[in-house]
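Colleague: Please read through the structure below; I'll follow up with questions.
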DNA sequence: AATGAATGAGATTTCATTCAT
DNA sequence: AATGAATGAAATCTCATTCAT
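Chains as they are written, first to last, in UniProt numbering: chain X, 1 to 218; chain F, 1 to 218; chain C, 1 to 218; chain P, 1 to 218.
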């Protein structure tokens, strides 16, 4: 008996989760197509093929949806970046390259949603803003770590990991922020390679340049 | 007779220009204080000390004001960056440093308005969007030029001026975009120097490093 | 066969009655806790521990529930007031006192629901409004009767039983209507005694004052 | 010049006041006709013959309108009751009678709005609720005062002025609350006289009954 | 040239009611 | 008999824009 009830609860939760995803997907699609300012509840309902009222069963307010979209992206970072790092060897610079590429790929997947972080936080609750900041710090940790490791291993100069990782994140975001500009001359792959090469030139230990020649060429 | 009419026209245009400035200033102040989402026509009128109706005598619509604010910032670039360059000598790297600093200073002056460029342009007319893009290209020209000169002079490596200048612009904008993050650890001066040092490391011709030691140290 | 069917019908009706009670209790609890404006169907379902859908099996609409809550209070009067009277002797004034106290006790039991009677009846059906009025007349009958008896017995002055009973009902309701005011200075018992004393002073036959001295003192 | 500006400001304020009155009148009319639950912003706008948006120039929210309607009634008490008292002589009982009649007349003028005070205060701000309570205390002061004077002068028994005045207020409100009931048998004048007579019987000093025979007869 | 009252469309949010399971 | 997801109308409130003065 208990099992049956448990199963019911589980099934319900699964459906609820599915709905949430459906709504977040619709929100992302809508931003993609109409721009992120065009996400009205009516439009979202229409895009998701549900009624306005239903959205409020899954999200308490419009801001909550905005927050969820952002968190969704940040969650993707939290999963994808470590996974990308895990695929390469122990070399800290290669790990950094993998992390940067992973970061860029997530941005590319959520090009319009990714920009939301830069929206003025007035609409977000203080709590939501804090959560985002925490997640941002958390998701950039792999970058900072790889940089710090690289410095310790003598592969990189004595740079400020905080600043350098922030810059790399910014370069990743730039693919979304200035997409109209970059896409005219660069493919995604070229963008990633060239930007990383340029950044690496800025931080690599000059004595190790030969070792990272491939990465430095872009 | 004609002269009198001409004088009238000139006077009128002068007043009109003054009014525009007054309104754009008010808009900037408002964004600074309340965030750029809080700029309603009513709030703008109150801030500028005029009536709502009057605003429509000088701007056809709210979007036109948005456009004007952005153009205003871009105009500041067009004036200030060349001026900054003119103050230093002929060395292309020093010119680049001056240009970057000039760019950052403009951003710092219009911290909230500067972010508007990244706003999705759906609300802007196609014409307006094009104008902004043209101006952006124009205002970044000094950076591109300094980089190209630096390469030609052998001070810089053979990098892509388009990409590098775009990155420098991005770093300047980052002072506005991620201000909450950077201001915790860096003053404006430190930000400018450290970012430029890092960027310069990425593009300087290794053989010229000694010459630019001061700039490279940040 | 018929008997079996009858038994079924009886069982069903019993269950239905139980459910109704459960829902009305939940409604009362909800009003008590959140105020009577906060009774939404969803909240009611949650409070009663049933589904929204189920409520519609027992009540055709929200207004029907409102009506039922009111009727429930009035039913309590219909039961409790005669019972209170039955506990005292034959003296009409003592019967009146008992009736008033009984009336007040019902109000105190349903403090929030009692106020609903004063809600504007636009939401109630004409039929429902009529039913409430009829029940109100019916439940105040014991008061009227006691007053009439008191007059006939010479214990009370020649007052208008209609008006006096209406006033006593009002004083009972006032315990709910102005509870925030009275509870600051009076306990329920004090309220009942003092109000009745005051009212009795207004209607007692002066020549019988000594006889009712205890009640007149409050 | 200053005078002209002052005149402008004064004229504007006068118009604004007129608008407020117009809106409050419309709200009162609407309650009268449709019941106080039917006052939606749309309906109010339609009734007042203005647009929805305009209402928000004069009142910050719907609750503010509700509050203003209530305050309007209470203000009427504050004016009318002392005026009514001023018309009669020095006798405290006659003053009390005048006050009660004044109170009832205000209620009769705002029959539907008067009931709003009994609405659950959840919708009112804490500040608004406090203001109402303060005004209620203030407007009932003349009644309390007359009663206290009557006791001191030996015209009334030693009753509790707080309780008795609350009851008189309640009787006045009852004309609105139970209008459907009383209007079947009593005119407004009869209602006022009979209720006051009854109440006076409850509080008059028995030795002074002859003196107030007229008032005691209703 | 200037005002600001007035408009009304549109945004977010709630909730009584229905219906497939 | 019971569920609760889903609906959609209606409510409150905002704000770009217009227009009489």
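Using N, Cα and C, we set each Cβ at its ideal position, and we do this for glycine too. Note that the structure is a prediction, hence the values are computed from the model and not measured.
1. Run through DSSP, which three-state label would residue 54/F get?
2. Is DSSP giving residue 198/C helix, strand or coil here?
3. With distance defined between alpha-carbon atoms, name the residue in 30/X, 92/X, 89/X, 22/X nearest to residue 59/X.
4. Here's the rule I'm using: 16 or more other beta-carbon atoms within 10 Å means buried, otherwise exposed. How should residue 103/P be labelled?
5. Which residues in the same chain have their Cβ closer than 7 Å to the Cβ of residue 125/P, if we skip the five residues on either side of it in sequence?
6. Does DSSP classify residue 204/F as helix, strand or coil?
7. Note the first and the last residue of the continuous alpha helix (DSSP H) segment covering residue 90/X.
8. If you measure from the beta carbon of residue 203/X to each beta carbon in chain F, is any gap under 8 Å?
9. Mind checking residue 142/C: buried by the 16 CB within 10 Å criterion, or exposed?
10. Secondary structure at residue 156/C, three-state DSSP: helix, strand or coil?
11. Does residue 185/C come within less than 8 Å of chain P when only Cβ atoms are used?
12. Residues of chain F with CB under 8 Å from residue 178/X, in chain order?
13. Per DSSP, what kind of secondary structure is residue 212/C in: helix, strand or coil?
14. Closer than 7 Å, Cβ to any Cβ of chain X: which residues of the region 47 to 58 of chain F, in chain order?
15. Leaving out the 5 sequence neighbours to the left and right, which residues in its chain are closer than 7 Å to residue 164/X when beta-carbon positions are compared?
16. If we cut at 8 Å on Cβ distances, does residue 212/P have a partner in chain C?
17. Any Cβ of chain F within less than 8 Å of the Cβ of residue 1/X?
18. Determine the closest residue to residue 71/F out of 128/F, 50/F, 31/F, 95/F, with distance taken between C-alpha atoms.
19. For residue 79/C, count neighbouring C-beta atoms within 10 Å of its own C-beta (all shown protein chains included) and say buried if the count is 16 or more, exposed if not.
20. Short check: CB of residue 92/F to CB of residue 150/F, under 8 Å?
21. When DSSP labels each residue in this structure, what does residue 2/X get in the three-state scheme?
22. Which class does residue 40/P belong to by DSSP, given the choice of helix, strand or coil?
23. I'd like to know whether the C-beta of residue 118/X is nearer than 8 Å to at least one C-beta of chain F.
24. Is residue 185/C buried or exposed, if buried means 16 or more other CB atoms sit within 10 Å of its CB?
25. Cβ of residue 194/F less than 8 Å from any chain X Cβ?
26. Counting only beta-carbon atoms, is residue 99/P nearer than 8 Å to chain C?
27. Please list, in chain order, the chain X residues whose beta carbon lies closer than 8 Å to that of residue 160/F.
28. Counting only Cβ pairs nearer than 7 Å, list the residues of chain P close to residue 181/C.
29. Please list the partners that residue 206/X has in chain F, where partner means a Cβ-to-Cβ separation under 9 Å.
30. Quick check: is the beta carbon of residue 143/P nearer than 8 Å to any beta carbon in chain C?
31. Do we get a CB-CB distance below 8 Å when we pair residue 156/C with the residues of chain P?
32. At a Cβ threshold of 8 Å, is residue 13/P touching chain C?
33. Could you give the distance in angstroms between the alpha-carbon of residue 206/P and the alpha-carbon of residue 115/C?
34. Can you look up residue 183/C in the DSSP assignment and give me helix, strand or coil?
35. So is residue 1/C buried or exposed if we call it buried at 16+ other beta carbons inside 10 Å?
36. Distance check for residue 16/P and residue 52/P, CA to CA, integer angstroms please.
Modeller: Result, derived from the coordinates:
1. By 1-based counting over the second chain, the position of residue 54/F is 54. Three-state result, residue 54/F: helix.
2. Residue 198/C sits at position 198 when you count from the first residue of the third chain. It is helical.
3. Translated into positions along the first chain, residue 59/X becomes position 59. Comparing Cα positions, the closest option is 22/X.
4. For the purposes of this step, residue 103/P is identified with residue 103 of the fourth chain, where counting begins at 1. Classification for residue 103/P: buried.
5. Start at 1 with the first residue of the fourth chain, and residue 125/P comes out as number 125. Spatial neighbours of residue 125/P in its own chain (CB-CB distance under 7 Å, excluding positions within 5 residues in sequence) are listed in chain order as 63.
6. Walking along the second chain from the start, residue 204/F turns up at place 204. Reduced to three states, the DSSP call for residue 204/F is strand.
7. Residue numbering aside, residue 90/X sits at position 90 when the first chain is read from its first letter. Segment: none, residue 90/X is in no alpha helix (DSSP H) and carries neither H nor E.
8. In the first chain, counting from the first residue as 1, residue 203/X sits at position 203. Output row for residue 203/X: interface = yes.
9. Taking the third chain and counting its residues from 1, the one referred to as residue 142/C is at position 142. Buried, by the Cβ-count rule.
10. Taking the third chain and counting its residues from 1, one reaches residue 156/C at position 156. Residue 156/C falls in the strand class under three-state DSSP.
11. The residue labelled residue 185/C in the question sits at position 185 within the third chain. So yes, residue 185/C belongs to the interface.
12. Taking the first chain and counting its residues from 1, the one referred to as residue 178/X is at position 178. By Cβ distance, chain F contributes 166, 170.
13. For the purposes of this step, residue 212/C is taken as the residue at position 212 of the third chain. In the displayed model, residue 212/C falls within coil according to three-state DSSP, outside both helix and strand.
14. Cβ contacts with chain X come from no residue of the region 47 to 58 of chain F.
15. For this step, residue 164/X is matched to residue 164 along the first chain. Excluding sequence positions up to five before and after residue 164/X, its CB lies within less than 7 Å of the CB of 147, 203, all in the same chain and listed in chain order.
16. For this step, residue 212/P is matched to residue 212 along the fourth chain. With 8 Å as the cut-off, residue 212/P does not count as an interface residue toward chain C.
17. By one-based count along the first chain, residue 1/X stands at place 1. With a pLDDT of only 45 at residue 1/X, under 50, the local geometry of the prediction cannot be trusted, and no value is derived from it.
18. Residue 71/F sits at position 71 when you count from the first residue of the second chain. Here the closest residue by C-alpha is 128/F.
19. By one-based count along the third chain, residue 79/C stands at place 79. Label assigned to residue 79/C: exposed.
20. Position 92 of the second chain holds residue 92/F. Position 150 of the second chain holds residue 150/F. Remark: C-beta atoms of residue 92/F and residue 150/F approach each other more closely than 8 Å.
21. Taking the first chain and counting its residues from 1, the one referred to as residue 2/X is at position 2. Reliability fails at residue 2/X, whose pLDDT of 49 lies under 50, so the model's placement of it is uncertain and no value is given.
22. As a working mapping, residue 40/P is identified with position 40 in the fourth chain. Here residue 40/P sits in coil by DSSP.
23. Residue mapping note: residue 118/X aligns to position 118 of the first chain, counting from 1. Taking a beta-carbon distance threshold of 8 Å, residue 118/X counts as an interface residue toward chain F.
24. Here the question's residue 185/C lines up with position 185 in the third chain. By the neighbour-count rule (16 or more Cβ atoms within 10 Å), residue 185/C is not buried but exposed.
25. Looking up residue 194/F in the second chain gives position 194. Under the 8 Å criterion on CB atoms, residue 194/F is classed as interfacial with respect to chain X.
26. The count along the fourth chain starts at 1 and reaches residue 99/P at position 99. No, because no Cβ of chain C sits closer than 8 Å to the Cβ of residue 99/P.
27. Along the second chain, one-based indexing puts residue 160/F at 160. Going along chain X in sequence order, the residues near residue 160/F (Cβ under 8 Å) are 194.
28. By 1-based counting over the third chain, the position of residue 181/C is 181. Under a criterion of Cβ atoms nearer than 7 Å, the residues of chain P adjacent to residue 181/C are, in order, 166.
29. By one-based count along the first chain, residue 206/X stands at place 206. Result: 206, 209.
30. By one-based count along the fourth chain, residue 143/P stands at place 143. Not an interface residue.
31. Residue mapping note: residue 156/C aligns to position 156 of the third chain, counting from 1. At a cut-off of 8 Å, the C-beta of residue 156/C has no neighbouring C-beta in chain P.
32. Locating residue 13/P in the fourth chain gives position 13, where the first residue counts as 1. With a threshold of 8 Å between beta carbons, residue 13/P makes no contact with chain C.
33. As a first step, residue 206/P is located in the fourth chain; it is residue number 206 there, counting from the start. As a first step, residue 115/C is located in the third chain; it is residue number 115 there, counting from the start. Straight-line Cα distance between these residues: approximately 36 Å.
34. The residue labelled residue 183/C in the question sits at position 183 within the third chain. Residue 183/C falls in the coil class under three-state DSSP.
35. By one-based count along the third chain, residue 1/C stands at place 1. No answer about residue 1/C holds up, because its pLDDT of 49 lies below 50 and its placement is not dependable.
36. Stepping through the fourth chain from its first residue, residue 52/P is reached at position 52. Stepping through the fourth chain from its first residue, residue 16/P is reached at position 16. In this structure, the alpha-carbon of residue 52/P lies about 16 Å from that of residue 16/P.
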